[in-house]
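Plus 2 on top of the position in the sequence shown (first one is 1) and you've got this note's numbering. Scroll down for the structure; my scribbles are underneath it.
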Amino acid sequence: MSTAQETNGGFAVEVNGLSHAYIRPDGTGSEAILRDIQLQVSQGEAVAIMGPSGSGKSTLLHILGTLLAASSGSVRILGTEIANLTEVERARLRSTSIGFVFQDHQLLPQLTALENVMIPNLALARPLPGEQIRERANQLLKAVVLSDRVDYRPSALSVGQCQRVAVARALMNRPRLLLLDEPTGALDQRTASTLMDLLEEIRAQESVSLLTVTHSPAVANAADRRLHLLHGGLREA
3 MSTAQETNGG FAVEVNGLSH AYIRPDGTGS EAILRDIQLQ VSQGEAVAIM
53 GPSGSGKSTL LHILGTLLAA SSGSVRILGT EIANLTEVER ARLRSTSIGF
103 VFQDHQLLPQ LTALENVMIP NLALARPLPG EQIRERANQL LKAVVLSDRV
153 DYRPSALSVG QCQRVAVARA LMNRPRLLLL DEPTGALDQR TASTLMDLLE
203 EIRAQESVSL LTVTHSPAVA NAADRRLHLL HGGLREA
């Protein structure tokens, strides 16, 4: 890990003493789900986090993606302490430096594959000129082997194809950190393997760090490093 850090210029993710608790629905107090998490992800590194359902994997990912504030602890994303940011600054960090891929892809059904990929850039304060946005989106769809599906809407695509569109969309703004929440959970083994191979190629091409939460040993084994989240704590797998 130290070699990756020296080669790629520091940490994409640096977490110290992160803890998080939810208020119980009945209002009888709080329930801790993450306890004293320590985590470092080097620039360019691929890290997988495994754990049973309800262990807090998605909660941790949402905190790292600035979608949820931790109860306590320090979280630095690409060298920035996110607790010090305003909501506007967090939104800017999300849109410019962090890409998300969810299990259910969350594509907009009324838009084509190309239009879905273009959306993140159109949401920026200073989007690329129209032709450059289209060119970037087409390049990404080519990278995920969907050049022949640019005008298809999600309903006309397979689940695996939708997930590849979601990967392309997450990369639209050239993020330095890609967060993946069970990206192969809805895919068969062969399609999942194809997606992970594509992500590995894209990691090299786009110089992006990958942090994946997964139930799949095959997905975890494809990462540089594997961690296990259990009883609120994170440890080497």
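Yeah, the Cβ is synthetic: ideal placement off N, Cα and C, and Gly gets one too. Nothing here was measured: the structure is a model prediction, and the numbers come from that model.
**Item:** Residue from Leu182, Leu231, Val17 and Leu197 with nearest C-alpha to glycine 101
**Value:** Nearest of Leu182, Leu231, Val17 and Leu197 to glycine 101, Cα basis: Leu182.
**Prompt:** Which whole runs of the alpha helix (DSSP H) in the segment 159-206 are 4 residues long or more, in chain order?
**Reply:** With a minimum length of 4 residues, the continuous alpha helix (DSSP H) runs that stay inside the segment 159-206 are 161-172.
**Range of the contiguous alpha helix (DSSP H) that encloses leucine 132** = The question names leucine, but residue 132 is glycine in the sequence shown. 132-145 is the span of the alpha helix (DSSP H), which, as asked, contains glycine 132.
**Asked** Among Glu117, Asp199, Glu83 and Leu197, which has the Cα closest to the Cα of isoleucine 135?
**Response** Checked all of Glu117, Asp199, Glu83 and Leu197; the closest Cα to isoleucine 135 is Glu117.
**Asked** Which whole runs of the alpha helix (DSSP H) in the segment 79-112 are 4 residues long or more, in chain order?
**Response** Complete alpha helix (DSSP H) runs here, min 4: 89-99.
**Request:** Decide if histidine 233 is buried, meaning its Cβ has at least 16 other Cβ atoms within 10 Å, or exposed.
**Result:** The residue in question, histidine 233, is exposed, as its Cβ has fewer than 16 Cβ neighbours within 10 Å.
**Request:** Consult DSSP for aspartate 38 and reduce its assignment to one of helix, strand or coil.
**Result:** Three-state result, aspartate 38: strand.
**Message:** Could you tell me the alpha carbon to alpha carbon distance between serine 21 and alanine 115, rounded to whole angstroms?
**Reply:** Looking at the backbone, the Cα of serine 21 and that of alanine 115 are separated by about 38 Å.
**Prompt:** Looking only at C-alpha atoms, which of Arg138, Phe13 and Phe104 sits nearest to methionine 120?
**Reply:** Comparing Cα positions, the closest option is Arg138.
**Message:** Excluding the 5 residues flanking glutamine 105 on each side, which residues of the same chain have their C-beta closer than 7 Å to its C-beta?
**Reply:** Asp183, Glu184, Pro185, Gly187 and Ala188.
**Prompt:** Do you know offhand how far alanine 6's Cα is from leucine 231's?
**Reply:** Because the pLDDT at alanine 6 is just 38, under 50, the model does not fix this residue reliably, and the point stays unresolved.
**Message:** Give me, in chain order, the residues of the same chain whose beta-carbon lies closer than 6 Å to that of alanine 170; leave out the 5 immediate sequence neighbours on both sides.
**Reply:** For alanine 170, where only same-chain residues beyond five positions count, the Cβ hits under 6 Å are Val119, Leu142, Leu143 and Val146.
**Asked** When the Cα of methionine 52 is compared with those of Asn223, Gly81, Ala224 and Thr216, which residue comes out closest?
**Response** Ranked by how close their Cα comes to the Cα of methionine 52, the residues Asn223, Gly81, Ala224 and Thr216 have Thr216 in first place.
**Asked** Is the segment 206-221 in contact with the segment 45-65, if contact means three or more CB pairs nearer than 8 Å?
**Response** With a cut-off of 8 Å, the segment 45-65 and the segment 206-221 count as touching, because enough Cβ pairs lie within range.
**Request:** Give the DSSP-derived three-state secondary structure of histidine 233 in the structure shown.
**Result:** Here histidine 233 sits in coil by DSSP.
**Request:** Specify whether the segment 30-50 and the segment 194-209 touch according to this definition: at least 3 beta carbon pairs, one from each stretch, less than 8 Å apart.
**Result:** Output reads yes: the segment 194-209 touches the segment 30-50.
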